[in-house]
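Engineer: Pasting a structure here, questions to come.
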Amino acid sequence: MAQQEKVFQVTPISPGIAIGKTLRIGGSHIIDRVEERYISEGDIQSELDKFHTVLDLTKQSVRDLKDKLKDKLVSSEAEIFDTHLMILEDMALINDIERLIKSQLKSAEFAIYEASEHYVKVLEEISDPYLRERAADVRDVRSRVLENFHQNEGNSLEEKIVDRRIVIADELTPSETAHLPAEKVLGFAVNIGSPTSHTAILARSMRMPAVVGMPPEIMALDPDTEIIIDGFAGRLIVNPDKRTLEAYSLKAREANEFYSSLLEEAELLAETRDGFLVQLGGNIEKLEDVTELKKAGGEAVGLFRSEISFLAAGEPPTEDEQFELYKNLLSSMDGKMVVVRTLDIGGDKLNDSVFRHQEQNPFLGLRGIRLCLKAKQDIFRTQLRALLRAGVYGDLKIMLPMLTSVREIVEVKKIIEELKVELKNEKLDFTGKVSIGAMIETPASALLVDHIAPLVDFLSIGTNDLVQYTMAIDRSNDLVTYLYQPANPAILELIGRTVLAAKENNIWVSVCGQMASDPLYTPLLLGLGVNELSMDPASLSIIRRVIRSLKMSEAEYLASEALKCKSSVDVRKMSVELLRKTVPEIADLIIMQNER
Ligand code: PEP
Ligand code: MG
Numbered sequence: 003m004a005q006q007e008k009v010f011q012v013t014p015i016s017p018g019i020a021i022g023k024t025l026r027i028g029g030s031h032i033i034d035r036v037e038e039r040y041i042s043e044g045d046i047q048s049e050l051d052k053f054h055t056v057l058d059l060t061k062q063s064v065r066d067l068k069d070k071l072k073d074k075l076v077s078s079e080a081e082i083f084d085t086h087l088m089i090l091e092d093m094a095l096i097n098d099i100e101r102l103i104k105s106q107l108k109s110a111e112f113a114i115y116e117a118s119e120h121y122v123k124v125l126e127e128i129s130d131p132y133l134r135e136r137a138a139d140v141r142d143v144r145s146r147v148l149e150n151f152h153q154n155e156g157n158s159l160e161e162k163i164v165d166r167r168i169v170i171a172d173e174l175t176p177s178e179t180a181h182l183p184a185e186k187v188l189g190f191a192v193n194i195g196s197p198t199s200h201t202a203i204l205a206r207s208m209r210m211p212a213v214v215g216m217p218p219e220i221m222a223l224d225p226d227t228e229i230i231i232d233g234f235a236g237r238l239i240v241n242p243d244k245r246t247l248e249a250y251s252l253k254a255r256e257a258n259e260f261y262s263s264l265l266e267e268a269e270l271l272a273e274t275r276d277g278f279l280v281q282l283g284g285n286i287e288k289l290e291d292v293t294e295l296k297k298a299g300g301e302a303v304g305l306f307r308s309e310i311s312f313l314a315a316g317e318p319p320t321e322d323e324q325f326e327l328y329k330n331l332l333s334s335m336d337g338k339m340v341v342v343r344t345l346d347i348g349g350d351k352l353n354d355s356v357f358r359h360q361e362q363n364p365f366l367g368l369r370g371i372r373l374c375l376k377a378k379q380d381i382f383r384t385q386l387r388a389l390l391r392a393g394v395y396g397d398l399k400i401m402l403p404m405l406t407s408v409r410e411i412v413e414v415k416k417i418i419e420e421l422k423v424e425l426k427n428e429k430l431d432f433t434g435k436v437s438i439g440a441m442i443e444t445p446a447s448a449l450l451v452d453h454i455a456p457l458v459d460f461l462s463i464g465t466n467d468l469v470q471y472t473m474a475i476d477r478s479n480d481l482v483t484y485l486y487q488p489a490n491p492a493i494l495e496l497i498g499r500t501v502l503a504a505k506e507n508n509i510w511v512s513v514c515g516q517m518a519s520d521p522l523y524t525p526l527l528l529g530l531g532v533n534e535l536s537m538d539p540a541s542l543s544i545i546r547r548v549i550r551s552l553k554m555s556e557a558e559y560l561a562s563e564a565l566k567c568k569s570s571v572d573v574r575k576m577s578v579e580l581l582r583k584t585v586p587e588i589a590d591l592i593i594m595q596n597e598r
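Residues 3 to 598, numbered by this note's numbering, are exactly what the sequence shown covers, in order.
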């Protein structure tokens, strides 16, 4: 008798549909434990040699893997391997391992395990989710090193996968993911992981459908069990019946056709069917991201998160270093607009050399413009000087984060005028007329927008924080994700006010939060009157397709009805209906189940 179909709700991390039999990877590749072994004093040198041989071997294999994948990955993704190399070359870690071998007579394997475990524990306790995820990188690298002690004892992951299968595992490390042979792996489902992990980033760039949050019972399935993973809606279906299989086969075909057709549309304008043009910009963090942005047809840098270069470095970059970075960024965009957001450190983004004191509620503390004006004006002035100097190399716009008052803008403008005088006296080249924009990402700034708009050249709505502060939910707290509702009428009201103020003051307004990259909200934002949508470069093609399928009149009607709704559920329902009407061929594919 046929087994009964079972549907599980999971979290999508990479879009696409995979249908097939499973291959369980039993976690043998994540080495969690090693034998506690001690050596005699006479073996110290040979144990040290063994350690260094294996270390060199591992470094070489990471370099080989990076080379092998270099054409498949954009620079930000290839960085995963640089991170791994950095860990392998970390002198503090190497010294710790050598010390454990020499003074505590621990075997090389045991010493590696113990020294790195200390790092893992420290990283896991950090509140910044980005740094916390680096614990997985250390574990991943450690497994690679330890595996190399037993190089010839078992088959590699690539050898284990003999036919086309869906990989299931408790966890996949980034390098295991990168090693998955794309021609054999249809997709993967894992128990542990998150949408922001490197594993998820890799899955998306390898165009491999994937989900996390897989129930552990799936690991016990007979390998010949058929399953479906739906990386759009976040579903895992075991023993699909005939009707489900047919429906999903069709969905998989459509997804393939859809993604290939998108590749041909990067050159097209983001123009609605009734002739309204929307500017599509990219949110980027590094100079190298410009390549991907241009490839995807990005027309501007709508948000350069400048703090990332501060977070990466131990000490804040110098004025000249920043000048070089901004100058290269502007030059590489060939005269197209580049919006650089000034330092937004604080909240969950911390850097010890800039920000030393602990706060009980960091998201409500000295973050963004507050930190720059109150505690770190020297760093802020250095950044503004670098920006003014770089401004002569292109169309630079400076954007201020975390505003809650008019006074903050007045103060920044005063500082800019002072810096211009300074630069002039120093006979340095700088731009005399630089555009200043306000990020509207706190309820206070949205409610004060009529006073803010006359003071600036543009507005940009940071929905990530606007939702966080309006709904009173910590954006990194899993327990309140269900309240993360960009389509909540309270948020729409604030966006609506902001757009109106921009119109009345003849300035443009963009949305640069995550909401801009979700196709479900594209009609809503257009209908509310937003001029620019800025998003991660990977989302540009889908949003362009939605815009090109839509009429502004439909979007405006949706927005006016949405503003009358009492809950985000109603707004989402109407938005889904409109997408089903305007892009019926792909509506099922692009409506991700991100708000439950
Ligand atoms: C936002 O808050 O929407 C935004 C774009 O900024 P960040 O996510 O960097 O806080
Ligand atoms: Mg923000």
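Ideal placement from N, C-alpha and C gives every residue a C-beta, glycine not left out.
I think Ile19 touches Ile347, with their Cβ atoms under 8 Å apart; what is that distance to the nearest whole Å?
Structural biologist: Between Ile347 and Ile19 the Cβ distance is about 40 Å, and since that is not below 8 Å, they are no contact.
Engineer: Does DSSP put Pro14 in a helix, in a strand, or in coil?
Structural biologist: Strand, per DSSP.
Engineer: If you run the structure through DSSP and keep just helix, strand and coil, what is Asn285?
Structural biologist: Strand at Asn285.
Engineer: Is the stretch 52-68 in contact with the stretch 3-12, if contact means three or more CB pairs nearer than 8 Å?
Structural biologist: In short, these stretches do not touch, since the Cβ pair count stays below three.
Engineer: Give the DSSP bridge partners of Met537, in chain order.
Structural biologist: Looking at the DSSP assignment, Met537 forms a beta bridge with Gly284.
Engineer: Does Ala298 pass the burial test, meaning 16 or more other C-beta atoms within 10 Å, or should it be called exposed?
Structural biologist: It is buried - the Cβ of Ala298 has at least 16 other Cβ atoms within 10 Å.
Engineer: According to DSSP, what are the bridge partners of Glu228?
Structural biologist: In the DSSP output, where bridge partners are listed per residue, Glu228 has Lys23.
Engineer: What's the call for Met404, buried or exposed, on a 16-neighbour Cβ count within 10 Å?
Structural biologist: Classification of Met404: buried, given that the 10 Å Cβ count is 16 or more.
Engineer: What residue ranges within the stretch 48-121 form continuous alpha helix (DSSP H) runs of no fewer than 4 residues, ordered along the chain?
Structural biologist: Qualifying alpha helix (DSSP H) stretches, in chain order: 77-90, 93-106.
Engineer: Between Val469, Val423, Glu563, Glu111, which lies nearest to Leu50 when the distance is taken from Cα to Cα?
Structural biologist: Comparing Cα positions, the closest option is Glu111.
Engineer: I want to check one thing, is the minimum distance from the CB of Asn533 to the heavy atoms of the ligand MG below 8 Å?
Structural biologist: Flag unset: Cβ of Asn533 not near the ligand MG.
Engineer: Within the same chain, show all residues whose beta-carbon is closer than 6 Å to that of Arg101, passing over the 5 residues directly before and after it, in chain order.
Structural biologist: So the list is empty, once near-sequence residues are dropped.
Engineer: Return the chain-ordered list of same chain residues with a C-beta closer than 8 Å to the C-beta of Pro456, the five sequence neighbours on each side being excluded.
Structural biologist: Same-chain partners within the cutoff: Asn507.
Engineer: Could you check if Gly283 belongs to the surroundings of the ligand PEP, using beta carbon to heavy atom distance under 8 Å?
Structural biologist: No, Cβ of Gly283 sits at least 8 Å from all heavy atoms of the ligand PEP.
Engineer: Check whether the Cβ atoms of Lys235 and Pro14 lie closer than 9 Å to each other.
Structural biologist: As written in the sequence, residue 235 is Ala, which differs from the Lys given in the question. Yes. Within cutoff.
Engineer: Can you tell me which of the three DSSP states Met1 falls into?
Structural biologist: No answer is possible for residue 1: the residues shown for the chain start at 3 and end at 598.
Engineer: Excluding five sequence neighbours on each side, which residues of the same chain lie with their C-beta closer than 6 Å to the C-beta of Lys329?
Structural biologist: Cβ neighbours of Lys329 beyond the five flanking positions: Ala392, Tyr395.
Engineer: Applying the 10 Å Cβ sphere with the 16-neighbour rule, what's the burial state of Thr320?
Structural biologist: By the 10 Å Cβ count, Thr320 comes out exposed.
Engineer: For Leu430, report the span of its alpha helix (DSSP H) as first-last.
Structural biologist: Neither: Leu430 is in no alpha helix (DSSP H) and is coded neither H nor E.
Engineer: Going by CA-CA distance only, name the one from Val143, Pro131, Leu133, Glu126 that's closest to Tyr115.
Structural biologist: Comparing Cα-Cα distances from Tyr115 to each of Val143, Pro131, Leu133, Glu126, the minimum goes to Val143.
Engineer: Does at least one heavy atom of the ligand PEP sit under 8 Å from the Cβ of Gly300?
Structural biologist: No, the Cβ of Gly300 stays beyond 8 Å of every heavy atom of the ligand PEP.
Engineer: Got a list of residues with beta-carbon closer than 5 Å to any non-hydrogen atom of the ligand MG, in chain order?
Structural biologist: Listed along the chain, these residues meet the criterion: Glu443, Gly464, Asp467.
Engineer: According to the neighbour-count rule (16 or more other Cβ atoms, all chains shown, within 10 Å of its Cβ), is Asp590 buried or exposed?
Structural biologist: By the 10 Å Cβ count, Asp590 comes out buried.
Engineer: Quick one: grab the DSSP three-state call for Gly393.
Structural biologist: Note: Gly393 maps to helix in three-state DSSP.
Engineer: Hey, how far is the Cα of Glu294 from the Cα of Ile128?
Structural biologist: Taking the straight line joining both Cα atoms gives about 31 Å.
Engineer: Can you look up Lys186 in the DSSP assignment and give me helix, strand or coil?
Structural biologist: Lys186 falls in the coil class under three-state DSSP.
Engineer: Could you pull out every residue in the same chain whose Cβ sits closer than 6 Å to the Cβ of Ala599, ignoring the five residues on either side in sequence?
Structural biologist: As displayed, the chain neither begins before 3 nor continues past 598, which places residue 599 out of reach and without an answer.
Engineer: Would the stretch 272-292 and the stretch 532-540 be scored as touching if the rule is three or more Cβ pairs under 8 Å?
Structural biologist: Taking 8 Å as the limit for Cβ pairs, the verdict is that the stretch 532-540 does touch the stretch 272-292.
Engineer: So does the stretch 545-559 actually touch the stretch 332-347, counting three or more Cβ pairs closer than 8 Å?
Structural biologist: No, the stretch 545-559 does not touch the stretch 332-347.
Engineer: When you compare each of Asn150, Leu95, Ala80 to Ala180 by their alpha carbons, which one comes out closest?
Structural biologist: Nearest C-alpha to Ala180: Ala80.
Engineer: Would you give the residue range spanned by the alpha helix (DSSP H) that Val292 belongs to?
Structural biologist: Looking at the DSSP string, the run of the alpha helix (DSSP H) that includes Val292 is 291-297.
Engineer: I'd like to confirm the pairing. Which residues does DSSP put opposite Glu273 in its beta bridges?
Structural biologist: Answer by DSSP bridge pairing, in chain order: Leu279.
Engineer: Work out the CA separation of Arg499 and Val469 for me, nearest whole Å.
Structural biologist: One C-alpha to the other measures close to 15 Å.
Engineer: Using only the alpha-carbon positions, how far apart do Gly370 and Ile82 sit?
Structural biologist: About 28 Å.
Engineer: For the beta strand (DSSP E) containing Leu461, list its first residue and its last residue.
Structural biologist: 460-463 is the span of the beta strand (DSSP E), which, as asked, contains Leu461.
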